[in-house]
Every structure is written in C-alpha cells, then in structure tokens.
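Student:
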Amino acid sequence: MAKKLWGGRFQEGTDPLMWEFNQCLSYDKKLYAVDVAGSKAYALALSKTTPPILTSHELAEIRRGLDAVQAEWESNTFEIKKDDEDIHTANERRLSEIIGSDIGGKLHTGRSRNDQVATDMRLWLMKEVVQDIEYIQGVIGILTVKAEEWIDHLAAGFTHLQRAQPIRFSHFLLAHAHSFAGDLDRMRNLLPRVSTLPLGSGALAGNPFSVDRELLRSELNMGKVSGNSMQSVADRDFVAEYLFVCSLLMVHISRLAEDIIIYSSSEFGWVMCGDAYSTGSSIMPQKKNPDACELLRGKSGRTLGQLSGFLTTLKGLPATYNKDLQESQEPMFDAADTVGKSLRILQGVITTLKVFPEKMKASLTPDMLATDLAEYLVRKGIPFRETHHISGSCIRLSEESSVPLSDLTLEQFKSVCPTFEEDVKDVFNFETSVERRDAAGGTSRRAVKEQIENLKRLLVET
Ligand code: ARG
Numbered sequence: 009m010a011k012k013l014w015g016g017r018f019q020e021g022t023d024p025l026m027w028e029f030n031q032c033l034s035y036d037k038k039l040y041a042v043d044v045a046g047s048k049a050y051a052l053a054l055s056k057t058t059p060p061i062l063t064s065h066e067l068a069e070i071r072r073g074l075d076a077v078q079a080e081w082e083s084n085t086f087e088i089k090k091d092d093e094d095i096h097t098a099n100e101r102r103l104s105e106i107i108g109s110d111i112g113g114k115l116h117t118g119r120s121r122n123d124q125v126a127t128d129m130r131l132w133l134m135k136e137v138v139q140d141i142e143y144i145q146g147v148i149g150i151l152t153v154k155a156e157e158w159i160d161h162l163a164a165g166f167t168h169l170q171r172a173q174p175i176r177f178s179h180f181l182l183a184h185a186h187s188f189a190g191d192l193d194r195m196r197n198l199l200p201r202v203s204t205l206p207l208g209s210g211a212l213a214g215n216p217f218s219v220d221r222e223l224l225r226s227e228l229n230m231g232k233v234s235g236n237s238m239q240s241v242a243d244r245d246f247v248a249e250y251l252f253v254c255s256l257l258m259v260h261i262s263r264l265a266e267d268i269i270i271y272s273s274s275e276f277g278w279v280m281c282g283d284a285y286s287t288g289s290s291i292m293p294q295k296k297n298p299d300a301c302e303l304l305r306g307k308s309g310r311t312l313g314q315l316s317g318f319l320t321t322l323k324g325l326p327a328t329y330n331k332d333l334q335e336s337q338e339p340m341f342d343a344a345d346t347v348g349k350s351l352r353i354l355q356g357v358i359t360t361l362k363v364f365p366e367k368m369k370a371s372l373t374p375d376m377l378a379t380d381l382a383e384y385l386v387r388k389g390i391p392f393r394e395t396h397h398i399s400g401s402c403i404r405l406s407e408e409s410s411v412p413l414s415d416l417t418l419e420q421f422k423s424v425c426p427t428f429e430e431d432v433k434d435v436f437n438f439e440t441s442v443e444r445r446d447a448a449g450g451t452s453r454r455a456v457k458e459q460i461e462n463l464k465r466l467l468v469e470t
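When we follow full-length UniProt numbering, the leftmost residue of the sequence shown carries the number 9, and every step to the right adds one.
#1: Just the Cα atoms here: how many angstroms apart are K37 and E335?
#2: So is P374 buried or exposed if we call it buried at 16+ other beta carbons inside 10 Å?
#3: Using a Cβ-Cβ cutoff of less than 6 Å, which residues in the same chain neighbour P412 once the five nearest sequence positions on both sides are dropped?
#4: For A164, which beta-bridge partners are listed by DSSP?
#5: Measuring CB atoms only, is the stretch 296 to 303 touching the stretch 272 to 282, in the sense that at least three cross pairs come out at less than 8 Å?
#6: Helix, strand or coil, according to DSSP, for M280 in the structure here?
#7: Among the residues of its own chain, which have a CB less than 8 Å from the CB of F364, if the five just before and after it don't count?
#8: With a 10 Å radius around its C-beta and 16 neighbouring C-beta atoms as the bar for buried, classify K388 as buried or exposed.
#9: Smallest Cα separation from I159: which of K457, Y384, E461 and S234?
#10: Run through DSSP, which three-state label would T359 get?
#11: Using a 10 Å radius around the Cβ and a threshold of 16 neighbouring Cβ atoms, would you call F18 buried or exposed?
#12: For the alpha helix (DSSP H) containing R454, list its first residue and its last residue.
#13: Spatial neighbours of L405 within its chain, please: C-beta separation below 7 Å, excluding the five flanking residues on both sides.
#14: The ligand ARG and C254: does any heavy atom of the ligand fall closer than 7 Å to the residue's C-beta?
#15: Is the beta carbon of H96 within less than 7 Å of some heavy atom of the ligand MG?
#16: Return yes when the Cβ of L333 is within less than 8 Å of the Cβ of R244, no when it is not.
#17: Please confirm whether L182 and I460 have their CB atoms less than 8 Å apart.
#18: In whole angstroms, give me the CA-to-CA distance for E266 and V253.
#19: Would the C-beta of C281 count as close to the ligand ARG, meaning under 7 Å from any of its heavy atoms?
As structure tokens, this is what we get:
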C-alpha cells in the first residue's frame, strides 16, 4: 500500500467514508498546472538559499519531473492513486515516482500545503479573473453594437413596471451596459488583491530556510508578497470578494434576462430570442421559450448561495489554517464556471436577439407625455409643482371625456389653465420628448451616442 505523505505518526488506517469526506482531488485537480508552476518556483527558491537546499542538478531533475507530471495531466494519462488526497499530494507522489524520492522528497522542504494551496488558488483565480474581464467586455461590447444599430427605436420606459416615459430602446440596453461597467471595474480592482503571494509562509509560522519570497513573487508573476505568515495561510478574503463580485454580476445578468423574458412575451412582443438560445415544449408545438434567459436568471441564485454559504464557513474560524478552508474551493470553482458560461450565453442571446420596433412604438401612449406637458408650462414660467398639478388635471379631463390626452382641444386645455396656447400640440411628439432629455446620461440621440463612446473606451483599457 502506498504511504500517505503524513502517515508517519499514524498506526491505523482512515475510515473509508472519512477518506472520501476529506479528499478534494476530485475537484482540486483543476489546480494541477498552477500547482506545478508553484512547485517549480519553490524549487528554484530552494536552490538559492544559503546553503542551497537543492543543487542545480536536483533543481533540473525536479523541473524535468514536474514537466512530466503536467504533461500527464494534460494528456489525461495521470493515474490517480488510492492515497492521493489532494492535488498537492498527488503531484508530489508522482514527481517522486518519476525522478526518485531522494530528490523529489526535498521539494516540500519548509513548505506546507497551507501556503501551497493558498498560492495555487490565487494563481488559478488570477487567470479566471482576467478571463471574466474579457467576457464582461464582450457583453458590454455587444450591448453597444446593438445600441448603435437600434438607436432609432423608441419604446416605453417603465417604473414600477408601469409605462412611464418614452425612451430610446438603446438607452435601455445601455442602462444594463452601465451596470456591467461597474462589474468590470470591480473585477479589475480585485486583481491586485488576488495577486498576493502566500508561498514562503510555511504551515503558519514562516519559512525556516529564508527562501527569497520576492523571487517567488516575480517567478509567479504576482503583485506582492503577503505580509504575515499566519494571516496568509488562513486568508480566503480573495474568494469571498470574488464571490461577491460574481454575485452582483449575476444579479445584473438576471435583471437583464428578466427584462428580455418580459419583453419577449406575446403581451409585449418587442423582442424574440434566437432559436439558438430558445427551446420548445414537449406538448405545445407553438411554444418557443426563452430558456437561456430563464437559466441566467435562475443561476444567479446559485452564486448568491455560494457567497452566503462561504461567508458562513469563514465566520468563527480560529486563527490560521483550519480544514474548513478547503470548503473555499468548490464555491470559487462553481462561481467561476457559472459566471463564465453565463456571460458567454448572454452575449449570444443579445447577438441573436430580434427586435420588433413597431411593437415598441405601439407601447407609446400620449399619457406618457404628461410630464412633458407639465414641463411645457414650466417653460412658460409656471413653477413645476403647480404645472404637475395642472397636467394631472388634464389627465383627469382626458379620462373623464374618454379622449387621449393629445386629443383634448385647446379650449379644454385652457379650461384647466389659461396659459396653454396653440403650440401645446407640439408636446405630443415622442421623438421630441426623447430628444429633450439631452443632459449627459439622457435618452437623446446625442446623449445615447456619448454613452456608447464612453462604454467603448472601457473595452480597450486592460
Ligand atoms: N487540500 C487542502 C485544502 O484545500 C490543502 C491543505 C491541507 N493542509 C492541511 N494542514 N491538512 O485546504
């Protein structure tokens, strides 16, 4: 029977269910490449201590062996053994088989799986965050492309899901794009905190061979060296932060998905999801369901759950490493997987979305210009609080006489307020209403184009 790496002081075997409960190789094998990279850097640092822990021959052998280990993972030929508990023990066991344990057995000198796993997870997440940044940029990018393409389409804008004021449909798309811009910023800000090096902290008390941690940092392309060995083996704040950034991102994805679901209902008919992102019904032949959007909405719950679950795991842990911390891995992997796929699916949904501008236009009703009517009187010198009231009275009059607000006669308008003149008719133009909202961030053509340009700038920044 192969021996466990920590088996020296043990006399009896591990209960089989306990073994299964404790192992994490089934999921932390995702870390194989970063684990190899961390070990190579560590071997180099061990060859540079005074006196050196590794000779240059031993270093070369360890490097050769680690390359072979990595190649086995990559070609799917790595054979997992019964006693491989996690990726660190598996890789080290295999390294010693390939190069012999006389040399392989020196690699872990002064290192602990505690500083090793924290380093591996950070290295893995750094790549993932960079990938997420690209995917978020992809979503913002397609939203700006569609906002440009559909800039002429006017539609109802809602508050409380009640028709409120006319907007450009592009303005609605850009509203979501701006939320994603916040996510992009948060994801970028996260990177330096993920990119902190724990390696060289040992189990908790630091490294006894004075390995050059600055060398480790630069070998692993990380931003800085962690400041306290006890904290850095126990620190999973980078996971908690990632889960939060992912959760908020998923909330934004979910809200956009929900809008698409509503707008694609027959009652609206503004948009239709492409076939590639819809599914049918097993019984109702006419159905085309926006399943992609429903899954995007649904999966947000999963990531939010990972965040609250993981914070609960962290709460109350005593100082330094505790095995509870192994529970930081699956939420991180799952959130990364969910967010990566969701962003790519969302990009596809928007790319293939069909729009029906006539249906959007049909949602515009004259009462949605009641605010404009009040603003018309403001331009004639009446205080807004008063004009709001006057416009409200006009709405009541239109309701009582069963004619649309725009069809009230000048006499009827004047009966409510004598300041109304012939030009009140000009108020009832949706394009004019939209164009008036020209302050930065508004729904006029110019303001919408400005938003597009500002968002596009985020796509070239790294
Ligand atoms: N698989 C472990 C984890 O993810 C590695 C660290 C194990 N350390 C220990 N002291 N048992 O946390």
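Glycine residues also receive a C-beta, built at the ideal position from the N, C-alpha and C atoms.
Tutor: In this structure, then:
#1: Cα-Cα distance, rounded: 15 Å.
#2: P374 counts as buried, since at least 16 other C-beta atoms from the protein chains shown sit within 10 angstroms of its C-beta.
#3: P374
#4: P174
#5: Verdict: yes, contact present.
#6: strand
#7: G277, W278, V279 and M280
#8: Under this definition K388 is an exposed residue.
#9: K457
#10: helix
#11: exposed
#12: R453 to V468
#13: L416, Q420 and V424
#14: no
#15: For the structure depicted, the ligand MG is absent and the ligand set comprises only the ligand ARG.
#16: yes
#17: yes
#18: 20 Å
#19: no
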